[in-house]
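Trainee: Quick one: the structure is below, questions incoming.
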Amino acid sequence: MSSKGYKDEDDYLMLSGIQHFQFCKRQWALIHIEQQWEENVRTVEGQYLHRKADQPFTREKRGNKLIVRAMPVKSNELKITGICDVVEFIKDDNGIEINGLDEKYIAYPVEYKRGKPKMNDSDILQLTAQAMCLEEMLLCEINMGYVFYNEIKHRVEVPITQNDKNKVRIIVTKMQGYYRRRHTPKVETGSFCKNCSLQHICLPKLMNKRSVKSYIEGKIHE
Amino acid sequence: MKKLLNTLFINQPDVYLALDGDNIILLKDDEKLGRLPLHNLEAVISFGYTGASPALMGYCAERNISLVFFTMNGRFLARVIGESRGNVVLRKKQYRVSDDELKSAKIARNFIVGKIYNNKWMIERMTRDYPMRVDVTQFKEVSHYLSSIILDVRECEDLERLRGLEGQAAISYNKLFNQMILQQKDSFYFHTRSRRPPLDNVNAMLSFAYTLLANDMASALEGVGLDAYVGFLHRDRPGRISLALDVMEELRGVYADRFVLSLINKKIINKDDFLKKENGAVIMSDESRKKFLTAWQNKKQEKITHPYLNEKISWGLVPHAQALLLARYLRGDLDEYPPFLWK
Chain U
1 MSSKGYKDED DYLMLSGIQH FQFCKRQWAL IHIEQQWEEN VRTVEGQYLH
51 RKADQPFTRE KRGNKLIVRA MPVKSNELKI TGICDVVEFI KDDNGIEING
101 LDEKYIAYPV EYKRGKPKMN DSDILQLTAQ AMCLEEMLLC EINMGYVFYN
151 EIKHRVEVPI TQNDKNKVRI IVTKMQGYYR RRHTPKVETG SFCKNCSLQH
201 ICLPKLMNKR SVKSYIEGKI HE
Chain P
1 MKKLLNTLFI NQPDVYLALD GDNIILLKDD EKLGRLPLHN LEAVISFGYT
51 GASPALMGYC AERNISLVFF TMNGRFLARV IGESRGNVVL RKKQYRVSDD
101 ELKSAKIARN FIVGKIYNNK WMIERMTRDY PMRVDVTQFK EVSHYLSSII
151 LDVRECEDLE RLRGLEGQAA ISYNKLFNQM ILQQKDSFYF HTRSRRPPLD
201 NVNAMLSFAY TLLANDMASA LEGVGLDAYV GFLHRDRPGR ISLALDVMEE
251 LRGVYADRFV LSLINKKIIN KDDFLKKENG AVIMSDESRK KFLTAWQNKK
301 QEKITHPYLN EKISWGLVPH AQALLLARYL RGDLDEYPPF LWK
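So the protein sequences, as listed, match chains U and P. For the record, in the first sequence the residue sitting at position 186 is 186 according to UniProt numbering, with numbers rising by one throughout. For the record, in the second sequence the residue sitting at position 51 is 51 according to UniProt numbering, with numbers rising by one throughout.
As structure tokens, this is what we get:
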């Protein structure tokens, strides 16, 4: 492999960052550019939930279903990499051949989430990005995926659409731009900051503070 | 702001520290002296030589609990640092600024603004609280002088000149220090700063307080991803936590000096707490160090409102808050580094 190729792969962004980026560009930058991470109840709960999904060495067969957990995926087109919690392969004559198996299969990514279905499309876009990786790696077409929500103990069927794929491309391009410049954006703060696991590092209130210059001048001239 | 947790001080020389599950256990001659859950701890500070298990060191490093070793006399030995805490981008920025004299000066002058401002208000406070005990005219004179130096410091873009201005301010502040000692004047007096070794009781306590503060500062800086060894005002010297000493400038008076003065003035510490060696070196007894550390811990728990953040935090979190603000300045969120200006 050329040295350039090696460098390229190191610069791949984490697929899971898409949802951070959707939630808050600054949160994404703090985690993925500045490598800061603060655990709170939410992240610990998330890890607990992923215990089962994070078992890369179990391969489960159930009837016409093959369930694979913690599957590493990447896309050279998007320059992203990540791990699918679960990929389900369902026997289907219209599917693709999988190495070491007799029948043909269609693949569906399944993502595990701690909470309940969200108003925004961040979960859908993350799933879509996973599907795009799988399509590229398996040379197939994926038109469906699932998000399992722990709070409702239920999986929601998600169609993989061209529209969402385009959104993923746009978001990832923006992320690559910030990443190249190693830039942590200052962004609008809001009530969502209260739910952020990085609020103690980000100091969202700092964004609305008066300038330090006026703070100092004010104090020394009082 | 994060919460301040407890510090565990090990004040016996022959205690070995080990890990058991999520607990720290204290062993003496293979006998278990105690057992504490680590999740309540911010720091473990050990005065003695016996040591700690690698498992405990790893646990503390990973969870950002600072584990520090001092000699029995309070001289710093070592601090456990784990895998570098991410944030390469921040550190590279710190190094670039540190290599640039002008950019360094623009940060460094704010440390000094903080230091002189806080010392000035310590002096003002003395004239307000004890007008009958101190020479008010002299205090006011120094206060005005410090005000004028602050203005020069604000304009200063040269590190050498900055050190000069800081030195002038220190001389006039030190001249008043002895007058701020209001009790036990026979045993506690301040002529000049002496260290390595401290030659009187006051200097012995100042040295100890500065060591503890420098260590808290270093842990706070490493905790937000900065390199405690690369400074802006203090230049690189092997083994010196230059950045910790930099940021600490603004806290020396208001945090350490005031603390030492209160121990004397409230008679928490007295002349029997010290031992004078044949060569004039003064060291604190085990018993007095215990009193000192207990009071230090209590001080850290006291709540204040951070003057820039406008947020209620404990005194013990001030080093962390300043480290965080410095990191955010270096990453471009703030127009200047905001010193801790305490009135």
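We put the CB at the ideal spot given by N, CA and C, even for glycine. Keep in mind the model is a prediction, meaning the values are calculated, not measured.
The region 321–336 of chain P: which residues have C-beta closer than 7 Å to a C-beta of chain U, in chain order?
Mentor: Within the region 321–336 of chain P, the residues whose Cβ lies closer than 7 Å to some Cβ of chain U are Leu324, Arg328, Arg331, Asp333, Leu334, Asp335 and Glu336, listed in chain order.
Trainee: Would you report the Cα separation of glycine 225 of chain P and glutamate 157 of chain P, rounded to the nearest angstrom?
Mentor: Distance between the alpha carbons of glycine 225 of chain P and glutamate 157 of chain P: 27 Å.
Trainee: Between the region 249–262 of chain P and the region 110–121 of chain P, are three or more C-beta pairs nearer than 8 Å?
Mentor: Taking 8 Å as the limit for Cβ pairs, the verdict is that the region 110–121 of chain P does touch the region 249–262 of chain P.
Trainee: Closer than 8 Å, Cβ to any Cβ of chain U: which residues of the region 263–292 of chain P, in chain order?
Mentor: If the cut-off is 8 Å between Cβ atoms, the region 263–292 of chain P has nothing near chain U.
Trainee: Take the Cβ of glycine 17 of chain U as the centre, count every other Cβ of all protein chains shown within 10 Å, and call the residue buried at 16 or more, exposed below.
Mentor: Buried.
Trainee: Using the Cβ count rule (16 or more neighbours within 10 Å means buried), how would you classify tyrosine 108 of chain U?
Mentor: Buried, since its Cβ has 16 or more Cβ neighbours within 10 Å.
Trainee: Quick one: give me the first and last residue of the beta strand (DSSP E) that histidine 154 of chain U is part of.
Mentor: That run of the beta strand (DSSP E) goes 154–159.
Trainee: Beta-carbon of glutamate 34 of chain U versus every beta-carbon of chain P: anything under 8 Å?
Mentor: Taking Cβ atoms only, chain P reaches closer than 8 Å to glutamate 34 of chain U, which makes this a yes.
Trainee: Roughly how many angstroms separate the alpha carbons of leucine 77 of chain P and alanine 170 of chain P, rounded to a whole number?
Mentor: Answer to the nearest angstrom: the Cα atoms are 28 Å apart.
Trainee: Could you list which residues in chain U have their beta carbon closer than 7 Å to that of isoleucine 150 of chain P, in chain order?
Mentor: The answer, in chain order, is Ile220.
Trainee: Buried or exposed, going by whether 16 or more other CB atoms sit within 10 Å of the CB of proline 204 of chain U?
Mentor: It is buried - the Cβ of proline 204 of chain U has at least 16 other Cβ atoms within 10 Å.
Trainee: Which residues, in order along the region 187–216 of chain U, keep a beta-carbon less than 8 Å from a beta-carbon of chain P?
Mentor: Cβ contacts with chain P come from His200, Ile201, Leu203, Lys205, Leu206, Met207, Lys209, Ser211, Val212, Lys213, Tyr215 and Ile216.
Trainee: If I measure Cβ to Cβ from tyrosine 95 of chain P and keep anything under 8 Å in the same chain, skipping five residues before and after, which residues do I get?
Mentor: Asp227 and Val230, listed in sequence order.
Trainee: Check the Cβ of lysine 2 of chain P against every Cβ in chain U and list those closer than 8 Å, keeping chain order.
Mentor: In chain order: His200.
Trainee: Going by C-alpha distance, which of P/Ser262, P/Met57, P/Leu176 and P/Arg154 is nearest leucine 19 of chain P?
Mentor: Looking at the Cα atoms, P/Met57 is the closest of the given residues.
Trainee: Less than 8 Å between CB atoms is the rule here; does lysine 184 of chain U satisfy it with respect to chain P?
Mentor: Per the sequence shown, residue 184 of chain U should be read as threonine rather than lysine. Closer than 8 Å to some Cβ of chain P, the Cβ of threonine 184 of chain U qualifies, so yes.
Trainee: For glycine 114 of chain P, tell me which candidate among P/Phe139, P/Thr50, P/Arg128 and P/Ser147 has the shortest Cα-Cα distance.
Mentor: Of the listed residues, the one whose Cα sits closest to glycine 114 of chain P is P/Ser147.
Trainee: Would DSSP call isoleucine 268 of chain P helix, strand or coil?
Mentor: If DSSP states are grouped into helix, strand and coil, isoleucine 268 of chain P belongs with coil.
Trainee: If contact means a Cβ-Cβ distance below 8 Å, which residues of the region 201–231 of chain P contact chain U?
Mentor: Those would be Val224 and Gly225, in chain order.
Trainee: For the region 113–146 of chain P, which residues have a CB atom closer than 8 Å to at least one CB atom of chain U, in sequence order?
Mentor: Correct list: Val113 and Tyr117.
Trainee: Below 8 Å CB to CB, which residues in the same chain sit around phenylalanine 190 of chain P once its five sequence neighbours on both sides are set aside?
Mentor: For phenylalanine 190 of chain P, where only same-chain residues beyond five positions count, the Cβ hits under 8 Å are Asn174, Phe177, Asn178, Ile181, Asp200, Val202 and Asn203.
Trainee: For proline 338 of chain P and serine 214 of chain U, what's the separation of their Cα atoms in angstroms?
Mentor: Roughly 10 Å separates the two Cα atoms.
Trainee: Can you list the residues of chain U that tyrosine 308 of chain P reaches, using a CB-CB cut of under 7 Å?
Mentor: What tyrosine 308 of chain P touches in chain U: Tyr215.
Trainee: Is the beta carbon of valine 44 of chain P less than 8 Å from the beta carbon of leucine 26 of chain P?
Mentor: No; because the gap between Cβ atoms is not below 8 Å, this pair is not in contact.
Trainee: Strictly under 8 Å for the Cβ-Cβ distance: is leucine 90 of chain P near chain C by that measure?
Mentor: Absent from the structure: chain C. Protein chains present are U and P.
Trainee: Which term fits glycine 218 of chain U, buried or exposed, when burial requires 16 or more other beta carbons within 10 angstroms of its beta carbon?
Mentor: It counts as exposed.
Trainee: Rounding to the nearest angstrom, what Cα-Cα distance links phenylalanine 232 of chain P and leucine 330 of chain P in this structure?
Mentor: In a straight line, the C-alpha of phenylalanine 232 of chain P is about 12 Å away from that of leucine 330 of chain P.
Trainee: I'd like to know whether the C-beta of asparagine 87 of chain P is nearer than 8 Å to at least one C-beta of chain U.
Mentor: By this cut-off, asparagine 87 of chain P is an interface position.
Trainee: So, does the region 19–31 of chain U touch the region 160–180 of chain U, judging by three or more C-beta pairs under 8 Å?
Mentor: With a cut-off of 8 Å, the region 160–180 of chain U and the region 19–31 of chain U count as touching, because enough Cβ pairs lie within range.
Trainee: Check the Cβ of glutamate 338 of chain P against every Cβ in chain U and list those closer than 8 Å, keeping chain order.
Mentor: The residue you asked about is not glutamate; residue 338 of chain P is proline in the sequence shown. By Cβ distance, chain U contributes Val212, Tyr215 and Ile216.
Trainee: Check for me: the beta strand (DSSP E) holding alanine 43 of chain P runs from which residue to which?
Mentor: Taken as a continuous stretch (DSSP letters only), the beta strand (DSSP E) holding alanine 43 of chain P covers 41–47.
Trainee: Would a C-beta distance cut-off of 8 Å place aspartate 85 of chain U and tyrosine 112 of chain U closer than the cut-off?
Mentor: In contact: aspartate 85 of chain U and tyrosine 112 of chain U (Cβ atoms closer than 8 Å).
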